[in-house]
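See structure below.
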Amino acid sequence: MFYRDSTFLILIPGILLALWAQLSVKSTFDKYSKMPASYNGTAAQATSNMLSRYGDMDIKIERAQGMLTDHYDPRSHTLRLSEGVYSSNSIAALGVAAHESGHAMQQNDGYAFLKLRNAAVPFVSVSSNLSMIIFVMGLIMSLSFLVDLGIILFSAGVLFSLITLPVELDASNRALKMLKENRIITSYEEELGVKKVLRAAAMTYVASAVMAILNLARLMLIRNSRNRD
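Sequence positions in the sequence shown follow this note's numbering and run 8 to 236.
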């Protein structure tokens with residue numbers, strides 16, 4: 008069976024990296040969520056202050072349900088901060104809020120990789136759901152063109168993961184810059200804490216990209232093996 012194929016072993020490094028990244032981001036966030044910053048305000052207020060400095064961007068800031076559900080919605084120009092971030096002034100909360108503010112700034116500046124990622128979302132959301140179905144159908148029916156089509160569609164998701172990396176890294180760089188320029192963080196210890204939070208979050212995207220690449224390699228190994236048979 009497909010899921011019992013020995014090529015599954017190629018995914019083990021990616022799985023281990025993903026598990027480590029998830030544990031790292033959780034432990035880092037937990038640690039620095041207990042460390043208040045010297046800033047006299049909440050992460051939501053810090054976000055509003057940072058964005059207002061760079062012009063009238065008309066960004067709505069809302070509270071989001073859940074843990075670490077923070078995100079920026081470019082369609083509605085809405086920045087949503089999770090319950091553990093919105094009303095907190097911890098090092099972790101400020102880092103996360105500033106990162107999402109970085110995405111808002113990317114859209115405002117017309118950052119090329121963000122525009123490319125946003126344009127790819129509709130296609131990737133469809134192709135990612137269909138790729139494995141088509142690939143497995145091709146294997147079952149011994150139709151090589153379906154196998155190849157499944158791989159092509161899956162490759163779009165891999166490319167999306169790679170495009171996401173510079174978007175996330177740039178948002179983190181913008182976050183640190185905005186926090187320092189607006190004197191929301193003022194000490195070396197605060198800056199170090201924010202960097203660790205942002206670095207841990209970035210590793211989850213690196214792990215996702217590595218996992219996508221390894222999955223693609225696995226599909227190609229399976230295809231080549233079936234072709235030889």
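The beta carbon of each residue, even a glycine, is placed where N, CA and C say it ideally should be.
No experiment lies behind these values; they were computed from the predicted model shown.
**Rounded straight-line distance, which links the Cα of residue 212 to that of residue 20** = 15 Å
**Item:** Per-residue DSSP class, three states only, for residue 61
**Value:** coil
**Request:** Pull up the distance between the alpha-carbon of residue 119 and that of residue 233, whole angstroms please.
**Result:** 40 Å
**Asked** Taking DSSP as the reference, what is the three-state secondary structure of residue 256?
**Response** Nothing can be reported for residue 256, as the shown portion of the chain is limited to 8 through 236.
**Asked** To the nearest angstrom, how far is it from the Cα of residue 35 to the Cα of residue 230?
**Response** 40 Å
**Message:** Going residue by residue through the stretch 73-144, where are the continuous beta strand (DSSP E) segments of at least 3 residues, counting only ones entirely within it?
**Reply:** If we require 3 residues or more, the beta strand (DSSP E) runs fully inside the stretch 73-144 come out as 78-80, 85-89.
**Message:** Whole angstroms are fine: how far does the CA of residue 149 sit from the CA of residue 160?
**Reply:** 18 Å
**Request:** Return yes when the Cβ of residue 48 is within less than 8 Å of the Cβ of residue 205, no when it is not.
**Result:** no
**Message:** As an exercise, report each continuous alpha helix (DSSP H) stretch of at least 4 residues that is fully enclosed by the stretch 142-195, in chain order.
**Reply:** 151-188
**Request:** Kindly list the residues whose CB is nearer than 7 Å to the CB of residue 58, restricted to its own chain and excluding five residues on each side of it in sequence; keep chain order.
**Result:** 64, 66, 108, 111
**Asked** Do residue 218 and residue 31 have their C-beta atoms closer together than 8 Å?
**Response** no
**Asked** Per DSSP, which one or two residues make a beta bridge with residue 43?
**Response** 97
**Message:** Could you tell me the alpha carbon to alpha carbon distance between residue 187 and residue 193, rounded to whole angstroms?
**Reply:** 7 Å
**Asked** Apart from the five residues on each side of it in sequence, which residues of its chain come closer than 8 Å, Cβ to Cβ, to residue 73?
**Response** 89, 90
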